[in-house]
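J.:
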Amino acid sequence: EPEVTQTPSHQVTQMGQEVILRCVPISNHLYFYWYRQILGQKVEFLVSFYNNEISEKSEIFDDQFSVERPDGSNFTLKIRSTKLEDSAMYFCASTLTGSNYGYTFGSGTRLTVV
Amino acid sequence: QKEVEQDPGPLSVPEGAIVSLNCTYSNSAFQYFMWYRQYSRKGPELLMYTYSSGNKEDGRFTAQVDKSSKYISLFIRDSQPSDSATYLCAMSVGPNSNSGYALNFGKGTSLLVTP
Numbered sequence: 002e003p004e005v006t007q008t009p010s011h012q013v014t015q016m017g018q019e020v021i022l023r024c025v026p027i028s029n030h031l032y033f034y035w036y037r038q039i040l041g042q043k044v045e046f047l048v049s050f051y052n053n054e055i056s057e058k059s060e061i062f063d064d065q066f067s068v069e070r071p072d073g074s075n076f077t078l079k080i081r082s083t084k085l086e087d088s089a090m091y092f093c094a095s096t097l098t099g100s101n102y103g104y105t106f107g108s109g110t111r112l113t114v115v
Numbered sequence: 047q048k049e050v051e052q053d054p055g056p057l058s059v060p061e062g063a064i065v066s067l068n069c070t071y072s073n074s075a076f077q078y079f080m081w082y083r084q085y086s087r088k089g090p091e092l093l094m095y096t097y098s099s100g101n102k103e104d105g106r107f108t109a110q111v112d113k114s115s116k117y118i119s120l121f122i123r124d125s126q127p128s129d130s131a132t133y134l135c136a137m138s139v140g141p142n143s144n145s146g147y148a149l150n151f152g153k154g155t156s157l158l159v160t161p
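Chains as they are written, first to last, in the numbering used here: chain A, 2 to 115; chain B, 47 to 161.
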């Protein structure tokens with residue numbers, strides 16, 4: 002069964018450093034998403050991406066965050082200057098048509114900011 | 047105002063029991079309702095998907111949506127130890143131009159089914 006692949010599975014970074022989280026969505030999917038889950042909290046929507054541009058973003062997704070699809074297969078989330086409160090699980094997801102039904106999540110990247 | 051509320055549990059039941067999981071919500075614009083299962087250190091996995099009000103059954107799982115009460119439920123019949131996981135409700139308004147469907151999640155209920 003097709004999977005959404007995320008790397009690395011765990012990243013530790015120092016406060017103020019830039020991090021890039023990587024995702025390989027399912028190959029024929031067209032809509033891409035990032036969500037995050039702070040320990041003990043809800044899974045929260047960050048951003049959706051379609052047709053090579055951001056189509057919707059939440060209040061969390063401020064100027065520190067950016068997304069990119071650099072090569073037609075990878076989908077990245079960059080955090081420019083990490084803060085302690087950015088520590089969370091970050092999930093990438095993709096869908097073919099944008100519908101709820103086809104949502105496939107990756108296994109996540111655990112980001113720890115120290 | 048929290049949009050989606052879900053009791054985090056934990057909920058512990060014996061094998062074979064019927065499990066009832068619930069969420070309430072405040073945004074009357076939600077039209078699409080989902081239940082996800084999440085194992086430790088894994089991403090959410092879609093279990094059930096319902097549009098608007100009504101019931102939907104899939105094997106041992108039944109999802110119910112009552113939009114008038116802003117209340118959704120997931121029932122698991124003949125629960126098994128392998129059902130032990132965190133169950134997340136999620137909902138969305140629907141497509142927003144080209145953005146697809148941004149999901150609003152509950153906090154998740156931790157379920158343990160004991161042999």
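Where a beta carbon is used, it is the ideal one built from N, C-alpha and C, also for glycine.
1. When the Cα of B:Thr-116 is compared with those of B:Ser-98, B:Thr-132, B:Ser-130 and B:Thr-108, which residue comes out closest?
2. Give a yes or no on whether 8 Å exceeds the smallest Cβ distance from A:Ser-74 to chain B.
3. Based on the DSSP secondary-structure assignment, which residues constitute the bridge partners of A:Thr-11?
4. Looking at A:Ile-80: is its Cβ nearer than 8 Å to the Cβ of A:Phe-92?
5. Helix or strand or just coil, what does DSSP make of A:Leu-85?
6. In chain A, which residues lie with their C-beta within 7 Å of the C-beta of B:Pro-90?
7. Note down, in chain order, all residues in the region 56-74 of chain A with a beta-carbon under 7 Å from any beta-carbon belonging to chain B.
8. Please list the partners that B:Leu-149 has in chain A, where partner means a Cβ-to-Cβ separation under 9 Å.
9. Taking all protein chains shown into account, do 16 or more other C-beta atoms lie within 10 angstroms of the C-beta of B:Gly-154, making it buried, or fewer, making it exposed?
10. Report the CB separation of A:Gly-73 from A:Val-5 in whole angstroms; it is logged as a contact under 8 Å.
11. Pull up the distance between the alpha-carbon of A:Ile-55 and that of A:Ser-49, whole angstroms please.
12. Would B:Phe-59 and B:Ser-125 qualify as a contact pair, given that the criterion is a beta-carbon distance under 8 Å?
T.: Here's the rundown:
1. According to the sequence provided, residue 116 of chain B is Lys. The question's Thr does not apply to it. Ranking the options by Cα distance to B:Lys-116, first place goes to B:Ser-98.
2. no
3. Going by the sequence as given, residue 11 of chain A is His instead of Thr. A:His-11 pairs with A:Arg-111.
4. no
5. helix
6. Val-44 and Phe-106
7. Ser-56 and Glu-57
8. Tyr-34, Tyr-36, Val-44, Phe-46, Ala-94, Asn-101 and Tyr-104
9. buried
10. Contact flag wrong, Cβ pair sits at about 15 Å.
11. 6 Å
12. The question names Phe, but residue 59 of chain B is Val in the sequence shown. Their beta carbons are under 8 Å apart, which means B:Val-59 touches B:Ser-125 by this criterion.
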